[in-house]
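If you want our numbering, it's the position in the sequence shown, counting the first as 1, plus 2.
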Amino acid sequence: MNLLATWPFNLSPVDLAQWVNARLDGTLMGPLGIRAVSISAQGSITKLEVQPQVTTPMGYVHGGATVALADSTATWTAIAALEADLSDPLAFPLAINISCQLIGNVMEGIINARSEVTHLGRNVTTVSTNVTAESGRLLAVVNTTHYVRKTI
């Protein structure tokens, strides 16, 4: 299974997240442990449990894992906002720019990402994502720009 399919946008945000999670095997998100909690045009939430495969040798969450979490969340939010028909790969909102400010870090627990669309265009969409610790402490602010090759 993969995500290049027609997404069931009629599902609730939680059910859509479960639909996506069922298709993550064989992707980067699978072994990292990134899981969607809810996905909708209004915003998406994902989580990542801190485990050795996502940490640096010092035990902190690797910046790349934080960016992967934020990028996944932002992309799923853009797909939902655009109601993109991914049976056509040209409709995929490809991230063309990622800006990440790493503000804090953790060594254990679960980190969460929350994304919201800040601009929804025909070809260019921007998404803002905050990554937080379980305590709510801000760990990263990530802004992404997504390009859709096929005008929707």
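Each residue gets a CB set at the ideal place from its N, CA and C atoms; glycine is no exception.
CA nearest to the CA of residue i, picked from the options
{"i": "THR79", "options": "ILE47, TYR62, ARG37 and ASP27", "result": "ILE47"}
{"i": "VAL108", "options": "ASN12, VAL52, ARG37 and ASP17", "result": "VAL52"}
{"i": "ALA43", "options": "ALA67, TYR62, PRO91 and LEU13", "result": "LEU13"}
{"i": "SER74", "options": "VAL22, HIS121 and GLN55", "result": "VAL22"}
{"i": "SER101", "options": "ASN132, GLY45 and ILE36", "result": "ASN132"}
{"i": "ALA76", "options": "PRO33, GLY45, LEU18 and ALA135", "result": "GLY45"}
{"i": "PRO15", "options": "ALA38, TYR62 and PRO33", "result": "ALA38"}
{"i": "MET31", "options": "GLY66, THR147, THR58 and HIS121", "result": "GLY66"}
{"i": "ALA19", "options": "LYS49, GLY28, PRO33 and LEU34", "result": "LYS49"}
{"i": "ALA115", "options": "THR58, ILE36 and PRO59", "result": "ILE36"}
Beta-bridge pairing of residue i - partner residues as DSSP gives them
{"i": "VAL126", "result": "TYR149"}
{"i": "SER46", "result": "SER117"}
{"i": "ASN132", "result": "ARG116 and VAL143"}
{"i": "SER40", "result": "ILE47"}
Beta-carbon spacing of residue i, residue j below 8 Å
{"i": "LEU140", "j": "ILE113", "result": "no"}
{"i": "ILE41", "j": "ALA82", "result": "yes"}
{"i": "SER117", "j": "SER137", "result": "no"}
{"i": "ALA142", "j": "ILE98", "result": "no"}
{"i": "VAL144", "j": "VAL63", "result": "no"}
Minimum Cβ-Cβ distance from residue i to chain C less than 8 Å
{"i": "ALA80", "result": "Here there is only one protein chain, and chain C is not present."}
8 Å contact criterion, which residue i and residue j should meet: CB distance rounded
{"i": "LEU96", "j": "TRP9", "result": "About 16 Å; that fails the 8 Å criterion."}
{"i": "LEU92", "j": "ARG151", "result": "4 Å"}
{"i": "GLU85", "j": "PHE11", "result": "5 Å"}
{"i": "THR128", "j": "THR146", "result": "7 Å"}
| message | Which runs of the beta strand (DSSP E) at least 3 residues long sit entirely within the segment 85 to 116? Give them in chain order. | response | 96 to 104
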